[in-house]
Amino acid sequence: LLLWLHVSWIICLFGVELTYAEQNIQNFSFDKDTHNISRRYRDFVALLIMSLIAKRFVNGGNLYTAQMISHEHRIPLRLTKQILYQLQEINLLREVLDDRKSEDTAFLPTIDINQLNVGLLLERLDTYGSEDFKIDTEKSFHGQWQLLYDSRERYYKEAGNILLKDL
1265 LLLWLHVSWI
1275 ICLFGVELTY
1285 AEQNIQNFSF
1295 DKDTHNISRR
1305 YRDFVALLIM
1315 SLIAKRFVNG
1325 GNLYTAQMIS
1335 HEHRIPLRLT
1345 KQILYQLQEI
1355 NLLREVLDDR
1365 KSEDTAFLPT
1375 IDINQLNVGL
1385 LLERLDTYGS
1395 EDFKIDTEKS
1405 FHGQWQLLYD
1415 SRERYYKEAG
1425 NILLKDL
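In the working numbering, the protein residues as written are 1265 to 1431.
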């Protein structure tokens, strides 16, 4: 009797695990690839997510949750959550409680959407983090630093003409 009970529970728990995996396969597809994502593609996903949230805000639709963005646009959920967290860290998004379900959180832009442009997004993504190391950017490596700095500034200025809501 005890052996039968043990085997029955193993079968039951295996079925539950199999069902969970089947229902959530889209959440785990390409999950391993999110660890090795290129910087260019990460910037693209951040641009895409910010554009989607800005457009939804302009149109007055329901606010986006991480699950909605991931499901509707086929972005791995882990990557979506990583990007949303980063966008909150650079003060472009704010997390709010979703009106429809109290446990879900949705996202709003923190800046006037008429000033929220591609250049601002990319500049904040690029400059987020520490740059306070002992590398001498003033003398020894001034040429390399200035070249990178100037090229990025031109890039931000050109991209600053494109509003995220218009993409």
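Heads up, the beta-carbon is just placed ideally off N, CA and C, and yes, glycines get one too. Being a predicted model, the structure only gives us computed values, none of them experimental.
Cβ-Cβ distance between residue i and residue j below 8 Å
{"i": "V1360", "j": "L1372", "result": "yes"}
{"i": "E1427", "j": "M1314", "result": "The question names Glu, yet the displayed sequence has Leu at residue 1427. It is not a contact, given that the beta carbons lie outside the stated cut-off."}
{"i": "A1310", "j": "L1431", "result": "no"}
{"i": "Y1420", "j": "E1367", "result": "no"}
{"i": "R1338", "j": "Y1328", "result": "no"}
{"i": "I1333", "j": "L1351", "result": "no"}
{"i": "A1423", "j": "G1393", "result": "no"}
Candidates the options: closest to residue i by CA position
{"i": "L1370", "options": "D1400, L1348, L1380, F1405", "result": "At residue 1370 the sequence reads Ala, which differs from the Leu that was named. That would be L1348, whose Cα lies nearest to the Cα of A1370."}
{"i": "M1344", "options": "S1272, H1299, D1396, E1281", "result": "This sequence places Thr at residue 1344; Met is not what is there. Answer by Cα proximity: H1299."}
{"i": "V1322", "options": "D1396, I1399, Q1379", "result": "Q1379"}
{"i": "L1312", "options": "L1411, V1271, G1325, E1336", "result": "E1336"}
{"i": "E1417", "options": "K1403, V1280, T1391", "result": "T1391"}
Span of the beta strand (DSSP E), counted from its first residue to its last, around residue i
{"i": "E1441", "result": "Coverage of the chain is limited to positions 1265 through 1431, which leaves residue 1441 absent and any answer about it impossible."}
{"i": "F1371", "result": "1369 to 1373"}
Burial state of residue i, where buried means 16 or more other Cβ atoms lie within 10 Å
{"i": "N1381", "result": "buried"}
{"i": "L1277", "result": "exposed"}
{"i": "A1318", "result": "buried"}
{"i": "L1356", "result": "buried"}
{"i": "A1285", "result": "exposed"}
Endpoints, the alpha helix (DSSP H) within which residue i is located
{"i": "E1353", "result": "1341 to 1353"}
{"i": "Q1379", "result": "First-last for Q1379: undefined, no H or E at that position."}
{"i": "N1323", "result": "1303 to 1323"}
{"i": "K1421", "result": "1406 to 1423"}
{"i": "G1393", "result": "Per DSSP, G1393 belongs to no alpha helix (DSSP H) and is neither H nor E."}
{"i": "I1275", "result": "1266 to 1287"}
{"i": "E1336", "result": "1330 to 1337"}
Anticipated Cβ contact below 8 Å, residue i with residue j, distance rounded
{"i": "I1354", "j": "K1429", "result": "Not confirmed; about 18 Å, so no contact."}
is_contact[residue i, chain B] using C-beta, thresh 8 Å
{"i": "T1344", "result": "Absence of chain B from the displayed structure is noted, only one protein chain being present."}
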